[in-house]
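Residue numbers (my numbering): -15 to 246.
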């Protein structure tokens, strides 16, 4: 490993209470070892005098990449104990939220990438965080929805959202512009969402393409009285392919596997 200098400016640590003791580079990442320490504050519970107690075990805090190399901060935080009520608290810093292991710089980068055309799994992979962390950040977003227009032709479909679960997606058939993603495909969920649109707006929908299962047809006809249901061409081709395969196998089974016709 080789030493790196001027790392405070390099990684954006502005907290003067963090003292770096060692920085080294491995084959996989840059690692920074540091301590967070400052004079004992007043007790947050009884306002009594606190004393320095010991250090918490290392917190592994991922930072932003440096020159394309993953960077990890191993931070030991000072613990304080109140002499009066014996309460123990941990030193806090601006680089990471209390009881959190992900730096604020990484959280800000997650927010930035969520506004770009990047998948959630790619964001998690690039920043070395879990996909659940990215999902939680996405849940904090607030979106302003408009219920004054719908496309003349919509496409309804479903996709795997979580393990063993399917989500519902509606989009503009002509432009592929997303209308809504619902976390399940139950008819009540679909109905409750589209009822937010006035009847006058729903009457303007002329066609809805969907799969051939027929599960969405009843709710679609109730919500959109002027629409026509059209099987999606992808599913038509898929069903034709399955039918041809089934027919081919049925014919093949009529012959001996060792015969010339087979």
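Where a beta carbon is used, it is the ideal one built from N, C-alpha and C, also for glycine.
Does DSSP put residue i in a helix, a strand or coil?
| i | result |
| --- | --- |
| residue 37 | strand |
| residue 94 | helix |
| residue 74 | strand |
| residue 176 | helix |
| residue 184 | helix |
| residue 16 | strand |
| residue 110 | helix |
| residue 189 | coil |
| residue 196 | coil |
| residue 45 | strand |
| residue 62 | strand |
| residue 133 | coil |
| residue 234 | helix |
| residue 55 | strand |
| residue 202 | helix |
| residue 228 | helix |
| residue 118 | helix |
| residue 150 | strand |
| residue 248 | Nothing in the structure corresponds to residue 248, since the chain is present only between -15 and 246. |
| residue 88 | helix |
| residue 0 | coil |
| residue 141 | strand |
Whose CA, out of the options, lies closest to the CA of residue i?
| i | options | result |
| --- | --- | --- |
| residue 174 | 74, 159, 129 and 207 | 207 |
| residue 201 | 73, 171 and 78 | 171 |
| residue 156 | 15, 168 and 138 | 138 |
| residue 27 | 199, 68, 215 and 237 | 68 |
| residue 168 | 8, 152 and 179 | 152 |
| residue 188 | 199, 211 and 198 | 211 |
| residue 277 | 205, 216 and 134 | Residue 277 falls outside the range modelled here, since the chain spans only -15 to 246, and no answer is possible. |
| residue 57 | 195, 141, 154 and 5 | 5 |
| residue 125 | 2, 25 and 97 | 97 |
| residue 154 | 129, 193 and 131 | 193 |
| residue 47 | 99, 130, 84 and 64 | 84 |
| residue 32 | 45, 71, 142 and 89 | 71 |
| residue 7 | 59, 25, 30 and 21 | 59 |
| residue 142 | 130, 166 and 107 | 166 |
| residue 120 | 91, 226 and 136 | 91 |
| residue 132 | 183, 23 and 244 | 183 |
| residue 213 | 89, 136, 23 and 88 | 136 |
In angstroms, rounded to a whole number, what distance separates the CA positions of residue i and residue j?
| i | j | result |
| --- | --- | --- |
| residue 190 | residue 144 | 28 Å |
| residue 122 | residue 234 | 50 Å |
| residue 115 | residue 231 | 43 Å |
| residue 118 | residue 55 | 19 Å |
| residue 19 | residue 35 | 17 Å |
| residue 150 | residue 94 | 25 Å |
| residue 228 | residue 195 | 19 Å |
| residue 198 | residue 102 | 33 Å |
| residue 0 | residue 43 | 18 Å |
| residue 242 | residue 215 | 41 Å |
| residue 65 | residue 73 | 7 Å |
| residue 76 | residue 100 | 32 Å |
| residue 204 | residue 10 | 58 Å |
| residue 209 | residue 130 | 21 Å |
| residue 25 | residue 179 | 55 Å |
| residue 236 | residue 140 | 37 Å |
| residue 104 | residue 240 | 52 Å |
| residue 30 | residue 2 | 27 Å |
| residue 238 | residue 244 | 13 Å |
| residue 88 | residue 226 | 51 Å |
Can you give the beta carbon distance from residue i to residue j, rounded, assuming they're within the 8 Å contact cut?
| i | j | result |
| --- | --- | --- |
| residue 177 | residue 164 | 6 Å |
| residue 45 | residue 86 | 7 Å |
| residue 106 | residue 62 | 37 Å between Cβ atoms; not a contact. |
Sufficient close CB pairs (3 or more, under 8 Å) joining the segment 157 to 170 to the segment 102 to 117: no
The segment 25 to 41 in contact with the segment 76 to 84 per 3-pair CB rule at 8 Å: no
At least three beta-carbon pairs within less than 8 Å, the segment 42 to 62 to the segment 7 to 18: yes
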